[in-house]
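**Student:**
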Ligand code: GDP
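Numbering (the numbering used here), first residue to last: 2 to 315.
1) Tell me residue 272's beta-bridge partners as DSSP assigns them.
2) Let me know the secondary structure DSSP gives residue 123 once reduced to three states.
3) Based on Cα-Cα distance, which residue from 298, 122, 69 lies nearest to residue 19?
4) How about the stretch 134 to 141 and the stretch 98 to 108: do they share at least three Cβ pairs that are nearer than 8 Å?
5) Kindly indicate which three-state DSSP category residue 131 falls into: helix, strand or coil?
6) Quick one: does the C-beta of residue 72 sit closer than 7 Å to a heavy atom of the ligand GDP?
7) When the distance is taken between beta carbons, is residue 247 closer than 8 Å to residue 183?
8) Per DSSP, which one or two residues make a beta bridge with residue 238?
9) Going by the beta-carbon positions, is the gap between residue 63 and residue 94 smaller than 8 Å?
10) Give me the Cβ distance between residue 270 and residue 206, rounded to the nearest whole Å; I'm assuming they're in contact under 8 Å.
11) Is there contact between the stretch 145 to 165 and the stretch 103 to 114, where contact requires at least three CB pairs shorter than 8 Å?
12) Name the two residues that bound the continuous alpha helix (DSSP H) containing residue 295.
13) Which ranges would you report for the beta strand (DSSP E) in the stretch 153 to 221 if only whole runs of at least 3 residues count?
14) Are the CB atoms of residue 75 and residue 45 nearer to each other than 8 Å?
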């Protein structure tokens, strides 16, 4: 259990996940947080990273810093997604261990599981088959980070754990027209179409892939819960256990935003993996379930989008 005055480093606190973890920690009364923007501390630089950990000596670390992107960003820049994430994770986890961090949580992604994994995907299907091509570089980096935590635990008894969230959305998401994930992309596109009075919106792929979505504040709640209650070498899936088609998601976002025109599908864009539903029974047995239903979460996210003037630049 983290003490309320424990020194906690949240890496990636400007991002969607890191900022949600900070909100959750502060609301729970944790007041000794260490935060650095990527400009202040570039975790890809080993010497900088080591100097930071040696000077600050945090007791707990949430490693939510990562280079992330949607299907086109990932598919187009596999070298950058592999390199940036791999080097950042290795530097941060090693420097944490060398500087006496008591417990670290590594955040990954459900794309670490094989493309053709059984659905819903249990934690133990890791490394049982080939990965989805569109995000293989990112997935390989995340698998390595997860394994590094597992090996530190096995070799040295380090209490370093990992969690694998499903597709996330919420406050502080990235709304870039090409590089964002599907949910923020839809919010922006349908909103702009409504504003411009467009009669047609074009979405990518066929609309048939199935995806699961978790509101990022629910993830943050699960992260703090697991940091305080879970130890073990096996990762923990974090999701809702519910899925819907991308087509159904488009209709839901259109409804929330108030767009009433047509939706067209551009099948020259990739679909990605056909299904990606997490088996969340382990997390449920540990005593946690999600709280925010998708439509409610989309409503809150849309409200945040409307009040976030920086949305287009991120
Ligand atoms: P994925 O879960 O790793 O595939 O990541 P994404 O969130 O980027 O994409 C999920 C699904 O939504 C894929 O099948 C995409 O082809 C589809 N999709 C439809 N329109 C869009 C869009 O405008 N942006 C993104 N990122 N995906 C879209």
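Don't be surprised by glycine CBs; every beta carbon is placed ideally from N, CA and C.
**Tutor:** In short, the structure shows the following:
1) According to DSSP, which records beta bridges pairwise, residue 272 is partnered with nothing at all.
2) coil
3) 69
4) no
5) The answer is coil: DSSP assigns residue 131 none of H, G, I, E or B.
6) yes
7) yes
8) 165
9) No, the Cβ-Cβ distance between residue 63 and residue 94 is not below 8 Å.
10) Right, the Cβ-Cβ distance comes to about 5 Å (below 8 Å), so this counts as a contact.
11) yes
12) Residue 295 -> alpha helix (DSSP H) spans 295 to 307.
13) Within the stretch 153 to 221, the runs of beta strand (DSSP E) at least 3 residues long that lie entirely inside it are, in chain order, 160 to 166, 168 to 170, 201 to 205, 214 to 216.
14) With a cutoff of 8 Å on beta-carbon distance, residue 75 and residue 45 are scored as not near each other.
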